[in-house]
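**Student:** According to the working numbering, the stretch in the sequence shown is residues 1 to 133, in order.
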Amino acid sequence: MNPVPNPSPDTSLPPQFWQGVEQFNHQEFYDCHDTLEALWMEALEPDRTFYQGVLQLAVALYHLGHGNWRGAVTLVGESLGRLSRYQPDYEGVDVAHLQDQSRALLHQLQQQGAAGVQRVAATRSPFAIKPKA
């Protein structure tokens, strides 16, 4: 997959990040992980922690899709913590929207427990990383 063009004039994030966003938005969470991990490993702050937060959310959703309740809950929580300092937006990304989606998912997972992980996976709304409005 070729890097997608930067959709926001308000960002300096590289094309590879936007490629990861496209993968995330197409629910290709494993591919998104690979793309963002390469960026994260080379990045400096503050981008490094931002990439890690998005990366953790992608891995959480991957775990959810594979019935791993503990992995999903743990990584959604860690992602929420890392991305909290970037609200409401960062480099053209609507972080507040992403955090709202994450909190709703974490609440669902906690309410359903491990026994309900497949139900949560089947009924959750699709996640999307959106450009800031």
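C-beta atoms are modelled at their ideal positions from N, C-alpha and C, and glycine is treated no differently.
Between LEU64 and the rest of its own chain, which residues show a CB-CB distance below 6 Å, the 5 nearest in sequence each way excluded?
**Tutor:** Numbered from 1 along the sequence shown, position 64 holds the residue referred to as residue 64. Contacts found: ALA72, ALA121.
**Student:** For PRO5, does the three-state DSSP call read helix, strand or coil?
**Tutor:** Within the sequence shown, residue 5 is the residue found at index 5, counting from 1. Because PRO5 sits at a pLDDT of 46, beneath the cut-off of 50, its placement in the model cannot be relied upon, and the point is left open.
**Student:** Measure the alpha-carbon distance for GLY92 versus PRO46 and round it to whole angstroms.
**Tutor:** For this step, residue 92 is matched to residue 92 along the sequence shown. For this step, residue 46 is matched to residue 46 along the sequence shown. The straight-line gap from Cα to Cα measures roughly 14 Å.
**Student:** Distance, Cα to Cα, PRO15 vs LEU39?
**Tutor:** Residue 15 sits at position 15 when you count from the first residue of the sequence shown. Residue 39 sits at position 39 when you count from the first residue of the sequence shown. Distance between the alpha carbons of PRO15 and LEU39: 10 Å.
**Student:** Use the C-beta contact count for ARG103: other C-beta atoms within 10 angstroms, 16 or more gives buried, fewer gives exposed.
**Tutor:** Start at 1 with the first residue of the sequence shown, and residue 103 comes out as number 103. Answer is exposed; the Cβ neighbour count stays below 16.
**Student:** Going by other Cβ atoms of all chains shown within 10 Å of its Cβ, with 16 needed for buried, is ASP94 buried or exposed?
**Tutor:** One-based indexing of the sequence shown puts residue 94 at position 94. Answer is buried; the Cβ neighbour count reaches 16.
**Student:** Quick one: give me the first and last residue of the alpha helix (DSSP H) that PRO15 is part of.
**Tutor:** One-based indexing of the sequence shown puts residue 15 at position 15. 15-25 is the span of the alpha helix (DSSP H), which, as asked, contains PRO15.
**Student:** Using the beta-carbon count (16 or more within 10 Å), is LEU36 buried or exposed?
**Tutor:** The residue you call residue 36 lines up with position 36 of the sequence shown. The residue is buried, with at least 16 neighbouring Cβ atoms inside 10 Å.
**Student:** Around the C-beta of GLU42, are 16 or more other C-beta atoms found within 10 angstroms, so that it is buried, or is it exposed?
**Tutor:** Counting from one through the sequence shown, the residue named residue 42 turns up at place 42. By the neighbour-count rule (16 or more Cβ atoms within 10 Å), GLU42 is not buried but exposed.
**Student:** Mind checking which residues open and close the alpha helix (DSSP H) that includes ARG85?
**Tutor:** In the sequence shown, residue 85 corresponds to position 85, counting from 1. Segment: none, ARG85 is in no alpha helix (DSSP H) and carries neither H nor E.
**Student:** Considering only residues of the same chain and omitting the five flanking positions on each side of ARG119, which have a CB-CB separation below 8 Å?
**Tutor:** The residue you call residue 119 lines up with position 119 of the sequence shown. Cβ neighbours of ARG119 beyond the five flanking positions: GLN112.
**Student:** How would you call GLN101, buried or exposed, if buried means at least 16 neighbouring beta carbons within 10 angstroms?
**Tutor:** Taking the first residue of the sequence shown as position 1, residue 101 is located at position 101. The residue in question, GLN101, is buried, as its Cβ has 16 or more Cβ neighbours within 10 Å.
**Student:** Among the residues of its own chain, which have a CB less than 7 Å from the CB of GLY116, if the five just before and after it don't count?
**Tutor:** Working through the sequence shown from its first residue, we reach residue 116 at position 116. Contacts found: none.
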